[in-house]
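Colleague:
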Amino acid sequence: MSEPLLSVRDLSVAFEGERGTLRAVDGLSLDLAPGEVLALVGESGSGKSVTALSLIGLLRAPGARIAGSARYGGSELIGAPERELRRLRGEELAMVFQDPLSSLNPVLRVADQVAEQVLAHRDVSAREARERAVALLRRVGIPEPERRADAYPHELSGGMRQRVMIAMALSCDPRILIADEPTTALDVTVQAQILELIRALRAETGAGVLLITHDFGVVAELADRVAVMHEGRIVEQGVVEDVFERPESPHTRRLLAAVPRLDGPLREPRTFGDRPPVLELADVEVSFPVRRRLLGRGGERRRAVDGVTLSIAAGETVGLVGESGSGKSTLARTAVRLLEPTAGSVSFDGRDITRARRRELTPLRADLQIVFQDPYGSLNPRKRARDIVGLPLRLGGVPRSEVGPRVERLLERVGLKAAHADRWPHELSGGQRQRVGIARALALSPRLVVLDEPVSALDVSVQAQILDLLGELQRELGLSYLFISHDLRVVRQVSDRVAVMRDGRVVELAPVADLYARPQHPYTAELLAAVPASRPVHRSASTRS
Amino acid sequence: MTAFVARRLAQMVVVLFAVSVLTFLIFNVIPNGDPAARMAGKSPTESQVEAIRAEWGFDEPLPVQYVRTMEQVLGGSAISYFTQLNVREEIVRGLPRTLSLAIGAAILWMAFGVGLGLLGAMRAGRASDRLLTLLALVGVSLPVFWLGALLSHYLGFKAGWFPNGGYVPLTEDPLDWAYHLVLPCATLAVLFIGFYSRILRSNVLDTMGEDYVRTARAKGLSEREVLRRHVLRNSLIPVVTLWGLDFGAVVAGGAILTEVVFDLQGVGQYAAESVGQLDVPPVLAVTLFGAFFIVVTNTVVDIVYAALDPRIRVT
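Chains as they are written, first to last, in this note's numbering: chain A, 3 to 547; chain B, 18 to 332.
1. Cβ of B:V38 versus every heavy atom of the ligand ATP: is any distance shorter than 7 angstroms?
2. Are the CB atoms of A:R163 and A:L103 within a distance shorter than 8 angstroms?
3. Would you say the region 214 to 232 of chain A touches the region 29 to 44 of chain A, given that touching needs at least three Cβ pairs under 8 angstroms?
4. What would DSSP say about A:P456, mapped onto helix, strand or coil?
5. One question on the structure: do B:L118 and B:L205 come within less than 8 angstroms of each other, judged by their Cβ atoms?
6. If you draw a straight line from the alpha carbon of B:A166 to that of B:F306, how long is it in whole angstroms?
7. Kindly give me the distance between the Cβ atoms of A:V220 and A:V39, rounded to whole angstroms, as I take these residues to be in contact under 8 angstroms.
8. For B:Y229, would you say it is in contact with chain A, using Cβ-to-Cβ distances shorter than 8 angstroms as the test?
9. Give the list of continuous alpha helix (DSSP H) stretches no shorter than 4 residues that lie fully inside the region 90 to 167 of chain B.
10. Under three-state DSSP, which class holds A:H428?
11. Taking its Cβ as the centre, do 16 or more other Cβ atoms sit within 10 Å of B:W126, making it buried, or is it exposed?
12. Answer with yes or no whether the minimum CB distance from A:A135 to chain B is below 8 angstroms.
13. Which residue's Cα is closest to the Cα of B:P255: B:F44, B:L325, B:V81?
14. Going along chain A in order, which residues have a C-beta closer than 8 angstroms to the C-beta of B:N251?
15. I'd like the list of long-range same chain contacts for A:D454, defined as Cβ closer than 6 angstroms, with 5 residues on each side in sequence excluded.
16. Are the C-beta atoms of B:P327 and some chain A residue less than 8 angstroms apart?
17. Would you please verify whether the beta carbon of A:S251 is less than 8 angstroms from any beta carbon of chain B?
18. Report the neighbours of A:H123 on chain B: residues whose CB is nearer than 9 angstroms to its CB, in chain order.
19. Could you check what DSSP says for A:A66 in three-state terms: helix, strand or coil?
20. Listed in chain order, which residues of the region 33 to 66 of chain A have Cβ atoms closer than 7 angstroms to some Cβ of chain B?
21. Touching or not, the region 82 to 91 of chain B and the region 228 to 237 of chain B, by the rule of three or more beta carbon pairs under 8 angstroms?
22. For A:S104, return the contacting residues in chain B, with the cut-off set at a CB-CB distance below 8 angstroms.
23. Return no unless some Cβ of chain B is closer than 8 angstroms to the Cβ of A:H488.
24. So what does DSSP say about A:H232, is it helix, strand or coil?
25. Can you pull the chain B neighbours of A:Y2, defined as C-beta to C-beta under 9 angstroms?
26. Is A:F17 helix, strand or coil when you go by DSSP?
27. What number of angstroms, rounded off, separates the C-alpha of A:S547 from the C-alpha of A:G208?
28. In whole angstroms, what is the alpha-carbon distance linking B:E242 and B:L262?
29. Could you list which residues in chain A have their beta carbon closer than 7 angstroms to that of B:T115, in chain order?
30. In chain order, what are the residue ranges of uninterrupted alpha helix (DSSP H) at least 4 long that sit wholly in the region 180 to 255 of chain A?
31. In the structure shown, what three-state DSSP assignment does A:R25 receive?
32. Counting pairs of beta carbons, one from the region 177 to 193 of chain A and one from the region 48 to 64 of chain A, are three or more of them closer than 8 angstroms?
33. What does DSSP give as the partner residues of A:M503 in its beta bridges?
34. For A:S542, I'd like the list of residues in its chain whose CB is within less than 8 angstroms of its CB, leaving aside the five on either flank, ordered along the chain.
35. Nearest CA to the CA of B:W260: which residue from B:V312, B:A269, B:V318, B:Q294?
36. Can you find the residues in the same chain that come closer than 8 angstroms, C-beta to C-beta, to B:V32, ignoring five residues on each side of it along the sequence?
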C-alpha cells in the first residue's frame, strides 16, 4: 500500500448537550490511499457525516468537541487554524453533498457558483474562472455547457444539479473527494450515471474518494474498501469483496441482509382473478395548469397522469415504479380521491367515485387510506403520537372513552409500545414515525392503503422491518396495497403485480416474476439495468492500491 | 410580463373606482357632513345655504355629484370647498415634502435595519444581541408623535442643533433641505429600524443553516464572502420586497404624524387637515393618489422580487 493521502487516528467527536455528552464518533481510525475509493457505510446516526464534516472543519454544531488526529500531506487537520483549513477546503479536499438542490444557492447561476470556487483559490480573472467553469461543466457531462452555465439550479434536473456539484468539487483538482450520499436523492438511472462519472473521474485524476453511504448497492458499484460504522465506531474494515463475502461483524451481516436485492425471494404467486377489484382506475387523466392567460382562464396544462388503467383486487399488492416526475404521487392522490381526475373514472368497490363530493367521500375515507413518504413532514409536529393516531378514530365517531385503548392497540399492532403514545414526532426515530403514520392509516380498518414511497426515507434495516410489518398486516387484515416506490428492488420484494410508469403513462403492467425476468418495454429494461449491483462489480486491479 | 402588468393595471382601475366610491359615500352619510351648511359659516340663513347648495350642485343626485367631482379631481380642476385652493396644486406642492421624508427615512431604516440585524445575527445569543433585541423592542414601541416632539424639543428647540420643524425645497438649498429632514426622517425611521433589524436577524440565522451555505464554506470561501454572496443576498430578498411595500404605505399616508409634528406641510398633513374639515375634493384626490401609489409599488415589488429570486415567475 502506498503512502496514505489521509490518515485518521482515534478521531472522536462529542456533543455536549443538556442531557449529557453524546459521542457521535468514538475512536475512529482509517487511511485513504491515492486513487482509492473508501466507502464509509452505516445507518443514519452512526456518525458518518459527522466524521466527514469534522475532517474539513465544517462541523459547526454548538458544543461539539473534536479530538484525535487526521493527517493530510504532512499537516494536521484537527485543530488546524481556520485560515489553513479554508485554503485546503475546495482546493485539496473537496466535498459533494447529498441533496444537490438544497446544496446549491438558488439565486446564483450555476457557472458563477463553480467559478466562485476557482476565484477563491486561483489567481485568475473572472473571465478565466468562468471559462474554466464551463469547461468543468462539459467535463462532468452536462450537454450544451455554454447554455446551461447561465441556468439557475431549479432549472436543471436532479442529475444535472449533482453534476454541477461534482464540477464544483473538481474545480481545483482536489486530492481528496468526500462524497456524502452523492446519489441518495437521485433516481436509479441517474444514480447509475453519477456513479459512472465518479468512477471515471477517479481513474482520470487519481484523487482519493471517501464515499459516505447507507446503500450497499452503491458500495458494490464503486468502492475498493469498506469501513462499516456503528454508533460512532468502525466495526469492520476491509477490501470490498471480503466484506461482502465474509462479513465478520454482526452489524455488517445485518446491514447486508437487509439490502433489498433483485435476486432475492419473490412472494408466493397468488391469483386474484376471481375476486372483484377493490379499486379500479379507468383511463385516468390528471392535468394541471402551467401558465395562466391574461384573464386567468384556459392556458397551457400539463398532464401529470395520462390515461392510466389499473385495478387492485382485495388482498393484492400492486407495485408502482417510476422515476421522479413520472406521475406516481399524482396517481396515488387520485386513487384515494385527494385529487379529482380531469378525465377517466375511479371506482371503489364497484362504485364510481370519480366526481364524488367531499361529503360523499367522508364515509369512504375509512376504507381508503394513504401513507406518505416523508415521516418527518407528514406528521403534525405539534401533536403527540396518541393524538395523531386518535384523530381519525374521533372523526370516525368512535366514543371518546374507547379512543385511548384503541390507539394503544394500534400502536402495539405496528410494533410500538404504549410509552410511545405520549411522544412528540421529533422524539421518535424515522422508523417509529413511519409506524405512527401506518397506525394512523390503519385506525379505521381500511380496505385499501396507498403507500407512497413508505420506506424511501428510511435506513435499509428499518426499511426491512417496515416491509415485514406491512406484509404481516396484509395477511392478517386482508388489505390491498398500492405500493409506490422508485426502488425496483423493494417493489419486487413486496408486489404481486408491478406497473412501470413513465411520463404519466403506465408503460408496462405484469405479474412481478414476469416483469423482472422478461421486461417487455425497453424502459423497464433500462430501469432494471440501472439498479446497483448486490455484489461488488469486477473492476481492473490497476486502480487498486 | 406584459400580461402581468396589463392585469395589474386593470385591477388598479377597479381598486381606484371602489376606493373613490367608498370615500365619496362616507362623506355623504357622515353626520354634520353637509358641505353647504359648513361653507355658509356661523348661523347662516336658510336661503344662504340653499344658494350655496345650488351654486355648488349639492342638490343634485349623488351619482351626478360623484361623476362631476371625479371629473374635476382627475382633470385637475377640483378646488377645496373651504380654502378655494386648487387641489392638484396643493398636492403637487406637498408631494416633494412627503417624498423627501419617505425616501430619507426609507434609506435610513434599510441601512440601520440591515446593519443592526446583521450584527445581531453575528452575535446571536450574546449580550450585545440581547441589547439589540431590547433596543428594537423599545424602537417599535415609541409612538412617533411622542418621539418626534421629544427630539424636536430637545435637539431642535433647546439645544438648537437642528431646525425646529419646517421644510426647505431641495432646489433652493440642498444642504438646508437635508438639514431640515434629519429629525423627521430619523423619527419616522426608528419604528421601521426596530422591525427590519428583527426580520433580517432571523432571516440571516435561517439562511446560515441552509445547505448551500455549508457548500460555500466547503468551497473554501472566506467567511466574509460566504456572508456577502450567500447569506446576506438570500436573506435580503424578502426584506427588499417588504421595503417597497412599506415605502408605498408611508407615502400613501403612513407619514402623516411625522409631517404634522415637524410641520412639513406634506401630502399627509394636507390629507389630515382636509379630513378634519370634511373637505371632499382634497380627501378624494389624496385617497386616490395613495391607492394609486400603493398599487404601483406593489406591482414594482412583485417584478423586483421575480428579478431577485429566479425561482419566482410573475404571472
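Note that beta-carbon positions come from the ideal geometry of N, C-alpha and C, so glycine has one too.
Owing to the predicted nature of the structure, the values given are computational and were not obtained by experimental measurement.
Modeller: Reading it off the structure:
1. Among the ligands in the structure shown, none appear at all, so the ligand ATP cannot be discussed.
2. A:R163 sits close to A:L103, with the two beta carbons spaced by under 8 angstroms.
3. yes
4. Coil at A:P456, not helix or strand.
5. yes
6. In a straight line, the C-alpha of B:A166 is about 28 angstroms away from that of B:F306.
7. Not a contact, Cβ separation roughly 10 angstroms.
8. yes
9. Listed in chain order, they are 104 to 139, 144 to 158.
10. helix
11. buried
12. no
13. B:L325
14. N107, P108, V109
15. S331, A334, F374, Q375, I486
16. yes
17. no
18. K236, G237
19. strand
20. Taking 7 angstroms as the cut-off between beta carbons, the residues of the region 33 to 66 of chain A near chain B are I58, L60, in sequence order.
21. no
22. E227, D228, Y229
23. no
24. strand
25. The structure shown does not extend to residue 2 of chain A, since chain A spans only 3 to 547, so no value can be given for it.
26. strand
27. With a pLDDT of only 38 at A:S547, under the threshold of 50, the placement of this residue in the model should not be trusted, and no figure is reported.
28. 29 angstroms
29. Ordered by position in chain A, no residue passes the 7 angstroms Cβ test against B:T115, which lies about 34 angstroms from the chain.
30. 190 to 207, 218 to 224, 242 to 247
31. strand
32. The region 177 to 193 of chain A, when compared against the region 48 to 64 of chain A, does touch it at the 8 angstroms Cβ threshold.
33. A:M503 is bridged to A:V508.
34. Low per-residue confidence applies at A:S542: pLDDT is 43, beneath 50, and the placement is therefore not dependable, though the value from the model is reported in the following sentence. Closer than 8 angstroms at the Cβ level, and outside the excluded window around A:S542, lies no residue.
35. B:V318
36. A308, V312
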